[in-house]
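J.: One structure, as structure tokens, below. Some questions next.
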Amino acid sequence: MLEEKQLEKRAGNLIFRNVWDYDPAPEKPDHVRLKEKYDLFINGEFTPPEEGRYFESVNPANEQKLAEVAEATKPDIDKAVEAARNAYNRTWGKLSGRERGKYIYRIARMLQERAREFAILESMDGGKPIRESRDADIPLVAAYFFYYAGWADKLQYATPGMQPRPYGVAGQIIPWNFPMLMAAWKIAPALATGNTVVLKSAETTPITAYKLAEIIQDSGLPPGTVNIVSGAGETGVEIVNHPDIDKVAFTGSTEVGKLIQKSLAGTRKGYTLELGGKAANIVFEDAAIDQAVEGIVNGIFFNQGHVCCAGSRLLVQEGVADMVYHKLKDRIETLVVGDPLDKNTDIGAINSKAQLERINKFIEKGLEEGGEMHQSSANVPSNGYWCKPTLFRNVSQSHSIVQSEIFGPVLAIQTFRTPKEAVEKANNTPYGLSGGIWTDKGSKIFQVGQHIRAGVVWANTFNKFDPTSPFGGYKESGIGREGGLHGLLPYLKLN
Amino acid sequence: MAEETTLLPRPDFTRTVPIDKVGVEERVDRLNKRSIKTESKFWALKLALNMVDLTTLEGMDTPGKVRQMCYKAMHPHPDPDIPAVAAVCVYPNLVRVARETVGDSGVNVASVATGFPSGMYTLESRLEDTRYAVEEGADEIDMVISRWAFLKGEYNRVFDEIAAVKEACGEAHLKVILETGELETYENVRKASDIAMYAGADFIKTSTGKVKPAATQPVTLVMLEAIRDFYYATGKKIGMKPAGGIRDSKTALRYLILVNETLGGDWLNPHLFRFGASSLANDLLMQIIKQQTGNYQSADYFTID
Numbered sequence: 000m001l002e003e004k005q006l007e008k009r010a011g012n013l014i015f016r017n018v019w020d021y022d023p024a025p026e027k028p029d030h031v032r033l034k035e036k037y038d039l040f041i042n043g044e045f046t047p048p049e050e051g052r053y054f055e056s057v058n059p060a061n062e063q064k065l066a067e068v069a070e071a072t073k074p075d076i077d078k079a080v081e082a083a084r085n086a087y088n089r090t091w092g093k094l095s096g097r098e099r100g101k102y103i104y105r106i107a108r109m110l111q112e113r114a115r116e117f118a119i120l121e122s123m124d125g126g127k128p129i130r131e132s133r134d135a136d137i138p139l140v141a142a143y144f145f146y147y148a149g150w151a152d153k154l155q156y157a158t159p160g161m162q163p164r165p166y167g168v169a170g171q172i173i174p175w176n177f178p179m180l181m182a183a184w185k186i187a188p189a190l191a192t193g194n195t196v197v198l199k200s201a202e203t204t205p206i207t208a209y210k211l212a213e214i215i216q217d218s219g220l221p222p223g224t225v226n227i228v229s230g231a232g233e234t235g236v237e238i239v240n241h242p243d244i245d246k247v248a249f250t251g252s253t254e255v256g257k258l259i260q261k262s263l264a265g266t267r268k269g270y271t272l273e274l275g276g277k278a279a280n281i282v283f284e285d286a287a288i289d290q291a292v293e294g295i296v297n298g299i300f301f302n303q304g305h306v307c308c309a310g311s312r313l314l315v316q317e318g319v320a321d322m323v324y325h326k327l328k329d330r331i332e333t334l335v336v337g338d339p340l341d342k343n344t345d346i347g348a349i350n351s352k353a354q355l356e357r358i359n360k361f362i363e364k365g366l367e368e369g370g371e372m373h374q375s376s377a378n379v380p381s382n383g384y385w386c387k388p389t390l391f392r393n394v395s396q397s398h399s400i401v402q403s404e405i406f407g408p409v410l411a412i413q414t415f416r417t418p419k420e421a422v423e424k425a426n427n428t429p430y431g432l433s434g435g436i437w438t439d440k441g442s443k444i445f446q447v448g449q450h451i452r453a454g455v456v457w458a459n460t461f462n463k464f465d466p467t468s469p470f471g472g473y474k475e476s477g478i479g480r481e482g483g484l485h486g487l488l489p490y491l492k493l494n
Numbered sequence: 000m001a002e003e004t005t006l007l008p009r010p011d012f013t014r015t016v017p018i019d020k021v022g023v024e025e026r027v028d029r030l031n032k033r034s035i036k037t038e039s040k041f042w043a044l045k046l047a048l049n050m051v052d053l054t055t056l057e058g059m060d061t062p063g064k065v066r067q068m069c070y071k072a073m074h075p076h077p078d079p080d081i082p083a084v085a086a087v088c089v090y091p092n093l094v095r096v097a098r099e100t101v102g103d104s105g106v107n108v109a110s111v112a113t114g115f116p117s118g119m120y121t122l123e124s125r126l127e128d129t130r131y132a133v134e135e136g137a138d139e140i141d142m143v144i145s146r147w148a149f150l151k152g153e154y155n156r157v158f159d160e161i162a163a164v165k166e167a168c169g170e171a172h173l174k175v176i177l178e179t180g181e182l183e184t185y186e187n188v189r190k191a192s193d194i195a196m197y198a199g200a201d202f203i204k205t206s207t208g209k210v211k212p213a214a215t216q217p218v219t220l221v222m223l224e225a226i227r228d229f230y231y232a233t234g235k236k237i238g239m240k241p242a243g244g245i246r247d248s249k250t251a252l253r254y255l256i257l258v259n260e261t262l263g264g265d266w267l268n269p270h271l272f273r274f275g276a277s278s279l280a281n282d283l284l285m286q287i288i289k290q291q292t293g294n295y296q297s298a299d300y301f302t303i304d
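Going down the list, the protein sequences come from chains A and B.
According to numbering that gives the first Met the number 0, the first sequence holds residues 0 to 494 in order.
According to numbering that gives the first Met the number 0, the second sequence holds residues 0 to 304 in order.
Take a look at the structure:
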């Protein structure tokens, strides 16, 4: 394979978008029904918060307010947990698996019917490109509900020889990167197993969870079975520490996950934590290079890099490193950065101002520590929060850009010589959520894959999700699994 | 940059460049979701028309039929803003007719040669076929490779034949038809593309149109990526021509998107990209008029030749 000097001398990089740039093709949001104010969804009703406080949810692509959203405090959480407890004791908890399944199927169907509206709102509230919310997020949301609906009356087959029983009331806290999908990952298995739910959405992306509440209300689910609240960290603390919560499910940062684990230590509560990651994408020289480049791009730039399992570290075998880098530079030039509602957008808005500041701080640090940065030449809008696709070279395991979870479109590139070195570097992190291997040789996939200490290892692909597949972390990336048969177990007591 | 090309060692064609089928098809699916609107669509439709090699390759082709097609090629529509197509493509015995008809209008004459479509003839007769077409006035030669030799693993024979045809072409441009429908795998398509480019092809072309499947988007992407790697290695720009089965504007635009996002703007012109098609031109015209007027016209408003 050619080296960088030869590549530069012979041809240099290609030129994109100089001749044919696509005109805007925005998805129209006019049929989306958006309320001015969203109240808490408790006991089947939209209920104003006890302390009367509301906060704004803004569209990160233009910094405009979308709606006001209720902030839940302790009295609201008390009410929500009480509603969930009552539903567990009197209605939902008494239903047969078959009956539960019917409700969950109904929710799945209603979500599919309104998929377009949900996709548009998910993009408006979170900044993700409509291509992803339309083709990935919302179809997966329906798929998870369909999948777990199927389990509702078959639980005894999931746990042969044992009598599975629900935990009771589950307190669930979800992040802002996949608001609807994380809600589905939490709610669907909880309902299938007969638990009731108090779910808190993330502070910057609360709106679609309330749209889901509308569907839940319309589905006729017994009041109190699913309660949805919104607020920041303090609201989450009230849920985690509530004495009548039986199980906590959290997806978010490792930092907060550790606090939750501390506060739950010594209690009877069960918990699952799905935390941060710093996944390595390992590209061997015998890989299909063009498809590997595509996988690297999908691995780090999907959802602006706001993905806990993002392939944020690239480990590439030395012989092909220059070629892969050259191709990556050309490929990121074709990524369209901008209006999330435009059907051609590949990279949308950074979710919030705070997150953009955090990403920029890491980029500065990367430069200070001596990394070589390359960004695409994309033009970004003047309003809103944006970060161009960013590549970092000349960095090592000791650089913060390699160690820390940035949660943005920033890829750190390193090289390796042998499979052993690749595995050592891949595992040399406190995280262990995911990993990727790119090689044309089947046996190498298994040989290397079994040594990667991560919950998910993708081979010749990246960021693929399926309801039947368990997902979760090693080490500081979390405890417990969501998805698949494994995802039922954290919601069941077995004896 | 170009001088260095000759110093490049010829790659070992027995080595296979890995191509991941699932990945190629996913990439095509993703690019098919691009949404082309308003001005950028209008521009691309006109460009696509300007890239068509208007083709007739039938045993029933007559001088009259070829002349009619040439008139259409030079003057596809009464509107003077609508461009002519790039070339007409005919069998060698009709090259002279085509040459005389298109004259110096700017529309090129392309001829299939080398025992099209199977290529199952002696190299001597295939070279003679080529020289004849060039002498009759062809600007471009569309040759077929010996698929039998390729599939038997005689890559050097395929290489040498292409190099010999290139020599026989003289000044004429050489398009090398891989007949990807017979090569079956993407890795074969990639290998045949490499052999053709290193042997001197100016264009690589998917199909004869006589074998199914003819051009497909994933095959075209694999070939575009081969062209890209060849460019990275040599600085030389090779053209691409998907042929067969591209009948409507929507599909044509999808091919242009593949080019735009794989090779970039430099390839978006008839010198480096062509469509081999017979019925595509009329659909492009219909869509161009729709963009101009806002309405679809009846098919009766478009000439049938």
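Note that the Cβ used here is the ideal one computed from N, Cα and C, for glycine as well.
Source: prediction; values computed, not measured.
So what does serine 56 of chain A bridge to, in DSSP terms?
T.: Start at 1 with the first residue of the first sequence, and residue 56 of chain A comes out as number 57. Paired residue(s): A/Ala66.
J.: Using the Cβ count rule (16 or more neighbours within 10 Å means buried), how would you classify asparagine 494 of chain A?
T.: Stepping through the first sequence from its first residue, residue 494 of chain A is reached at position 495. Exposed, because fewer than 16 other Cβ atoms sit within 10 Å of the Cβ of asparagine 494 of chain A.
J.: Between the segment 15 to 46 of chain A and chain B, which residues of the former have CB atoms less than 8 Å from a CB of the latter, in chain order?
T.: Phe15, Arg16, Asn17, Val18, Trp19, Asp20, Tyr21, Asp22, Pro23, Ala24
J.: Any contact between the segment 281 to 290 of chain B and the segment 56 to 67 of chain B? By contact I mean 3 or more CB pairs, one from each, below 8 Å.
T.: no
J.: Does the count of Cβ pairs from the segment 258 to 267 of chain A and the segment 87 to 96 of chain A closer than 8 Å reach three?
T.: Contact between the segment 258 to 267 of chain A and the segment 87 to 96 of chain A is not established, with fewer than three Cβ pairs separated by less than 8 Å.
J.: Do the segment 301 to 320 of chain A and the segment 174 to 184 of chain A touch if we need at least three Cβ pairs shorter than 8 Å?
T.: yes
J.: Does any residue of chain B bring its CB to less than 8 Å from the CB of glycine 304 of chain A?
T.: Counting from 1 along the first sequence, the entry for residue 304 of chain A is found at position 305. Not an interface residue.
J.: Quick one: is serine 248 of chain B buried, meaning 16 or more other Cβ sit within 10 Å of its Cβ, or exposed?
T.: Position 249 of the second sequence, counted from the start, is the residue given in the question as residue 248 of chain B. Buried, by the Cβ-count rule.
J.: For glycine 276 of chain A, write down the residues that DSSP places opposite it in a beta bridge.
T.: The count along the first sequence starts at 1 and reaches residue 276 of chain A at position 277. Its beta-bridge partners do not exist; DSSP assigns none.
J.: Can you check the segment 217 to 283 of chain B for any beta strand (DSSP E) of at least 3 residues that lies completely inside it and give the ranges in chain order?
T.: 238 to 240, 274 to 276
J.: Please determine, among A/Gln449, A/Gly318, A/Ile186, the residue with the shortest C-alpha to C-alpha distance to glutamate 3 of chain A.
T.: For the purposes of this step, residue 3 of chain A is taken as residue 4 along the first sequence, with counting starting at 1. Ranking A/Gln449, A/Gly318, A/Ile186 by CA distance to the CA of glutamate 3 of chain A puts A/Gly318 first.
J.: Does tyrosine 295 of chain B pass the burial test, meaning 16 or more other C-beta atoms within 10 Å, or should it be called exposed?
T.: Start at 1 with the first residue of the second sequence, and residue 295 of chain B comes out as number 296. Per the 10 Å Cβ criterion, exposed.
J.: Would you mind working out which of A/Gly275, A/His241, A/Ile436, A/Ile227 sits nearest threonine 250 of chain A, comparing C-alpha positions?
T.: By 1-based counting over the first sequence, the position of residue 250 of chain A is 251. Nearest in C-alpha terms to threonine 250 of chain A, of all of A/Gly275, A/His241, A/Ile436, A/Ile227, is A/Gly275.
J.: Do you know whose CA, among A/Val57, A/Asn350, A/Pro221, lies nearest lysine 44 of chain A's CA?
T.: Numbered from its first residue, the first sequence carries residue 44 of chain A at position 45. A small correction: the amino acid at residue 44 of chain A is glutamate; lysine does not occupy that position in the sequence shown. Out of A/Val57, A/Asn350, A/Pro221, A/Pro221 has the C-alpha closest to the C-alpha of glutamate 44 of chain A.
J.: Could you check how far apart the C-beta atoms of valine 447 of chain A and valine 409 of chain A are, in whole angstroms? I think they sit under 8 Å.
T.: By one-based count along the first sequence, residue 447 of chain A stands at place 448. By one-based count along the first sequence, residue 409 of chain A stands at place 410. Not quite, the Cβ-Cβ distance comes to about 25 Å (not below 8 Å), so this is no contact.
J.: Could you please tell me which residues of the segment 247 to 279 of chain B, in chain order, have their CB closer than 7 Å to any CB of chain A?
T.: For chain A, the residues of the segment 247 to 279 of chain B that bring a beta carbon within less than 7 Å of one of its beta carbons are Asn259, Glu260, Leu262, Gly263, Gly264, Asp265, Leu267, in chain order.
J.: Is alanine 212 of chain A near alanine 189 of chain A, with beta carbons less than 8 Å apart?
T.: If you number the first sequence from 1, residue 212 of chain A lands on position 213. If you number the first sequence from 1, residue 189 of chain A lands on position 190. No, the pair does not count as a contact, with Cβ atoms beyond the cut-off.
J.: By the 9 Å beta-carbon criterion, what residues does the segment 23 to 52 of chain B contribute toward chain C?
T.: Annotation note: the requested chain C is absent from the structure, which comprises protein chains A and B.
J.: Span of the beta strand (DSSP E) holding glycine 434 of chain A?
T.: Here residue 434 of chain A refers to the residue found at position 435 of the first sequence. Run containing glycine 434 of chain A: 433 to 437, per the beta strand (DSSP E) assignment.
J.: Quick one: does proline 17 of chain B have its CB under 8 Å from some CB of chain A?
T.: Here residue 17 of chain B corresponds to residue number 18 of the second sequence, with the count starting at 1. Yes - at least one Cβ of chain A is within 8 Å of the one on proline 17 of chain B.
J.: Assess contact between the segment 12 to 19 of chain B and the segment 282 to 297 of chain A, defined as three or more Cβ pairs (one per stretch) separated by less than 8 Å. Is contact present?
T.: yes
J.: Just by C-beta distance, which residues in the segment 436 to 447 of chain A are closer than 7 Å to chain B?
T.: Listed in chain order, the positions of the segment 436 to 447 of chain A with a beta carbon within less than 7 Å of a beta carbon of chain B are Asp439.
J.: Report back the beta-carbon spacing between glycine 339 of chain B and alanine 213 of chain B to the nearest angstrom; my notes put them in contact at under 8 Å.
T.: Residue 339 of chain B lies beyond the range of chain B shown here (0 to 304); nothing can be said about it.
J.: Kindly confirm or deny that the segment 149 to 168 of chain A and the segment 192 to 207 of chain A touch, where touching means at least three C-beta pairs closer than 8 Å.
T.: Counting C-beta pairs closer than 8 Å gives three or more between the segment 149 to 168 of chain A and the segment 192 to 207 of chain A, which meets the contact rule.
J.: Look at the alpha carbon of lysine 352 of chain A and the alpha carbon of cysteine 386 of chain A, and state the distance between them as a whole number of angstroms.
T.: Mapped onto the first sequence, residue 352 of chain A falls at position 353. Mapped onto the first sequence, residue 386 of chain A falls at position 387. Roughly 11 Å between the two C-alpha positions.
J.: Got a sec: which bits of the segment 203 to 225 of chain B sit with their beta carbon under 7 Å from any beta carbon on chain A, in order along the chain?
T.: Glu224
J.: Could you tell me the boundaries of the beta strand (DSSP E) in which serine 110 of chain B lies?
T.: For the purposes of this step, residue 110 of chain B is taken as residue 111 along the second sequence, with counting starting at 1. Serine 110 of chain B -> beta strand (DSSP E) spans 107 to 111.
J.: Report the residue from A/Gln5, A/Glu293, A/Thr224 whose alpha carbon sits nearest the alpha carbon of threonine 233 of chain B.
T.: Numbered from 1 along the second sequence, position 234 holds the residue referred to as residue 233 of chain B. The option with the nearest alpha carbon to threonine 233 of chain B is A/Gln5.
J.: Which residues in chain A have a C-beta closer than 9 Å to the C-beta of alanine 232 of chain B? List them in chain order.
T.: Numbered from 1 along the second sequence, position 233 holds the residue referred to as residue 232 of chain B. In chain order: Leu1, Gln5, Leu6, Arg9, Ala10.
J.: Mind checking if threonine 333 of chain A is an interface residue toward chain B, Cβ cutoff 8 Å exclusive?
T.: One-based indexing of the first sequence puts residue 333 of chain A at position 334. Cβ-Cβ to chain B under 8 Å: yes for threonine 333 of chain A.
J.: Along chain B, which residues have their Cβ under 9 Å away from the Cβ of glycine 298 of chain A?
T.: Here residue 298 of chain A refers to the residue found at position 299 of the first sequence. Going along chain B, no residue has its Cβ under 9 Å from glycine 298 of chain A, so there is no contact; the nearest lies around 13 Å.
J.: Compute the distance between the beta-carbons of glutamine 396 of chain A and asparagine 426 of chain A, then report whether it is under 8 Å.
T.: The residue you call residue 396 of chain A lines up with position 397 of the first sequence. The residue you call residue 426 of chain A lines up with position 427 of the first sequence. Against a cut-off of 8 Å, the Cβ pair of asparagine 426 of chain A and glutamine 396 of chain A comes out as no contact.
J.: Expressed to the nearest angstrom, what Euclidean distance is found between the alpha-carbon atoms of aspartate 282 of chain B and isoleucine 245 of chain B?
T.: By 1-based counting over the second sequence, the position of residue 282 of chain B is 283. By 1-based counting over the second sequence, the position of residue 245 of chain B is 246. Cα-Cα distance, rounded: 10 Å.
J.: When you check each C-beta in the segment 452 to 467 of chain A against every C-beta of chain B, which residues fall closer than 9 Å?
T.: Correct list: Asn459, Thr460.
J.: Would you check if the distance between the CB atom of lysine 190 of chain B and the CB atom of phenylalanine 12 of chain B is smaller than 8 Å?
T.: Reading the second sequence from its first residue, position 191 is the one you call residue 190 of chain B. Reading the second sequence from its first residue, position 13 is the one you call residue 12 of chain B. Taking 8 Å as the Cβ cut-off, lysine 190 of chain B and phenylalanine 12 of chain B qualify as a contacting pair.
J.: Put leucine 44 of chain B into one of helix, strand or coil per three-state DSSP.
T.: If you number the second sequence from 1, residue 44 of chain B lands on position 45. The answer is helix: DSSP assigns leucine 44 of chain B an H, G or I state.
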